[in-house]
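*Asks:*
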Ligand code: SDX
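Residue numbers (full-length UniProt numbering): 36 to 429.
(1) Going by alpha carbons, who is nearest to residue 174 out of 211, 119 and 288?
(2) Please give me, in chain order, every unbroken run of the alpha helix (DSSP H) with length at least 4 that falls completely inside the stretch 305-350.
(3) Within the present structure, is the beta-carbon of residue 60 separated from the nearest heavy atom of the ligand SDX by less than 7 Å?
(4) So, are the CB atoms of residue 259 and residue 385 less than 8 Å apart?
(5) From residue 390 to residue 256, what distance separates their C-alpha atoms?
(6) Residue 76 lies in the alpha helix (DSSP H); which residues open and close that run?
(7) What is the rounded straight-line gap between the Cα of residue 321 and the Cα of residue 168?
(8) Is it buried or exposed, residue 399, if we count other Cβ atoms within 10 angstroms and call 16 or more buried?
(9) In angstroms with no decimal places, state the Cα-to-Cα distance between residue 221 and residue 252.
(10) For the beta strand (DSSP E) that residue 68 lies in, which residues bound it at each end?
(11) Given this structure, state the Cα-to-Cα distance separating residue 186 from residue 84, to the nearest angstrom.
(12) For the alpha helix (DSSP H) that residue 363 lies in, which residues bound it at each end?
(13) Kindly indicate the opening and closing residues of the beta strand (DSSP E) around residue 60.
(14) Just to confirm the assignment, what range does the alpha helix (DSSP H) spanning residue 174 have?
(15) Within a Cβ cutoff of 7 Å, which residues of the same chain sit near residue 397, ignoring the five residues on either side of it in sequence?
(16) Given the structure, does residue 302 come close to the ligand SDX, in the sense that its CB is under 7 Å from one of the ligand's heavy atoms?
(17) Within the same chain, show all residues whose beta-carbon is closer than 8 Å to that of residue 429, passing over the 5 residues directly before and after it, in chain order.
(18) Taking the C-alpha atoms as reference points, what is the distance between residue 192 and residue 204?
(19) Between the stretch 96-108 and the stretch 220-235, are three or more C-beta pairs nearer than 8 Å?
(20) Quick check: what's the CA-CA separation for residue 302 versus residue 165?
Below, the structure is given as structure tokens:
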């Protein structure tokens, strides 16, 4: 192991920890990756170099970037026998279920990724996972629509290669529009890390038992799947489509979302940390306004989203509770515009968040004196009592 970090292993007991990866100021709507504000990644967005930044703590040199890209290209294929696993799932299987299962299965095919006792082995495992998650995601989608799997193309960069595996046909290669390439790079970057959110804390919790990187990230996929977390990007589109179909007006939906009896929520709104506009939502909303016309896409859901935001931003209920659009509010509209199927939205979130999970797993694994996470509880159960034999029970 190289370079122990003297972080507070307090996480083991208190559920909080020290980390040097991402900084959030929820009141001022600030998000920085290793000190760099996310707004600075908008020009020529490059997800691969941001993944390196999060994991290794600084932007890669030209040589490091070249070598890492080569590792990603070289490890994009899955073991051929893994294809049989996809066939074992029903076509209707949620892609997040397949993603978690297949990431876990990877550790069975790559025992070399277990021994992460030095930086070189860890980097190879990180590159393997960041590369293969695309192939797994694409194959899960192709299985869901009954289409043949498309092998990764070693001549394509990270994002175009993923879109190639998703959308190419044996008779017609998918051509990646640079606007789409940049939009998806930016979407992945904006999802790449977010300090101790539910799924990242899950990865740290599982990793604290010295479970391997793949098992820990497979657990992160399961946590992210929930509609209160990464699953919200699908729930937002379902909400907007319900309004678009005329089942409910925008005003009705806002009213029902405020009514505690309905258990409804304005999906894509609110955040435990941001009590101001989520800076990611600000960027995604702006990119959606700019990109859709350039792609010749007119999506009525964008107009509905803007209307919802305007009403909520002026409604005392949302103002008092400091509820603003979060990362999930506009991401689905952008993903639709670039052709991503709705059932893949949360998978895209997972692909983006993977470098953050890996960075936190590695940061924790290098922490001197790392101990297994063991949060405590406040017992509110029954007072001590004695066992009662069957015949004496009423
Ligand atoms: C992500 O943690 C992260 O960093 C997550 C994430 C990341 O990058 O990893 O940012 C990604 O998960 C974004 C959040 C996606 N989820 C949603 O959009 C689902 C809708 N949002 C809510 O469920 C909620 O806002 C949460 C889950 C995001 C936050 O929940 P909290 O912090 O537990 O807030 P809460 O449930 O305690 O709500 C506080 C009050 C309550 O009202 P009162 O009891 O005070 O009267 O605000 C209300 C809530 O009812 N409220 C909402 C609301 N969100 C909160 N009311 C209507 N609509 C909403 N969306």
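Ideal Cβ placement from N, Cα and C applies to all residues, glycine included.
*Replies:* The short version:
(1) Taking the first residue of the chain shown as 1, we reach residue 174 at position 139. Answer by Cα proximity: 119.
(2) 314-329 and 335-348
(3) Taking the first residue of the chain shown as 1, we reach residue 60 at position 25. Not so, every heavy atom of the ligand SDX lies at least 7 Å from the Cβ.
(4) The residue given as residue 259 occupies position 224 in the chain shown. The residue given as residue 385 occupies position 350 in the chain shown. Less than 8 Å separates the beta-carbon of residue 259 from that of residue 385.
(5) Residue 390 sits at position 355 when you count from the first residue of the chain shown. Residue 256 sits at position 221 when you count from the first residue of the chain shown. Within the model, the alpha-carbon separation for residue 390 versus residue 256 is close to 13 Å.
(6) Translated into the one-based positions of the chain shown, residue 76 becomes position 41. Taken as a continuous stretch (DSSP letters only), residue 76 belongs to no alpha helix (DSSP H), as it is neither H nor E.
(7) Here residue 321 corresponds to residue number 286 of the chain shown, with the count starting at 1. Here residue 168 corresponds to residue number 133 of the chain shown, with the count starting at 1. About 28 Å.
(8) Position 364 of the chain shown, counted from the first residue, corresponds to residue 399. Classification for residue 399: buried.
(9) Within the chain shown, the letter at position 186 stands for residue 221. Within the chain shown, the letter at position 217 stands for residue 252. Cα to Cα, residue 221 sits roughly 22 Å from residue 252.
(10) Along the chain shown, one-based indexing puts residue 68 at 33. Looking at the DSSP string, the run of the beta strand (DSSP E) that includes residue 68 is 65-68.
(11) As a working mapping, residue 186 is identified with position 151 in the chain shown. As a working mapping, residue 84 is identified with position 49 in the chain shown. If I take the Cα positions, the gap works out to 24 Å.
(12) Working through the chain shown from its first residue, we reach residue 363 at position 328. Segment 362-372, the alpha helix (DSSP H) holding residue 363.
(13) Here residue 60 refers to the residue found at position 25 when the chain shown is read from its first residue. Per DSSP, the unbroken beta strand (DSSP E) holding residue 60 starts and ends at 57-60.
(14) Numbered from its first residue, the chain shown carries residue 174 at position 139. Its alpha helix (DSSP H) spans residues 154-179.
(15) On the chain shown, position 362 is the one that residue 397 refers to. The answer, listed in chain order, is 90 and 157.
(16) Position 267 of the chain shown, counted from the start, is the residue given in the question as residue 302. Yes.
(17) Against the chain shown, residue 429 aligns to sequence position 394. Counting only Cβ-Cβ distances below 8 Å, and skipping sequence neighbours, we find nothing.
(18) Walking along the chain shown from the start, residue 192 turns up at place 157. Walking along the chain shown from the start, residue 204 turns up at place 169. Going by the C-alpha atoms only, they are around 18 Å apart.
(19) no
(20) Within the chain shown, numbered from 1, the residue matching residue 302 stands at position 267. Within the chain shown, numbered from 1, the residue matching residue 165 stands at position 130. Cα to Cα, the separation comes out at about 29 Å.
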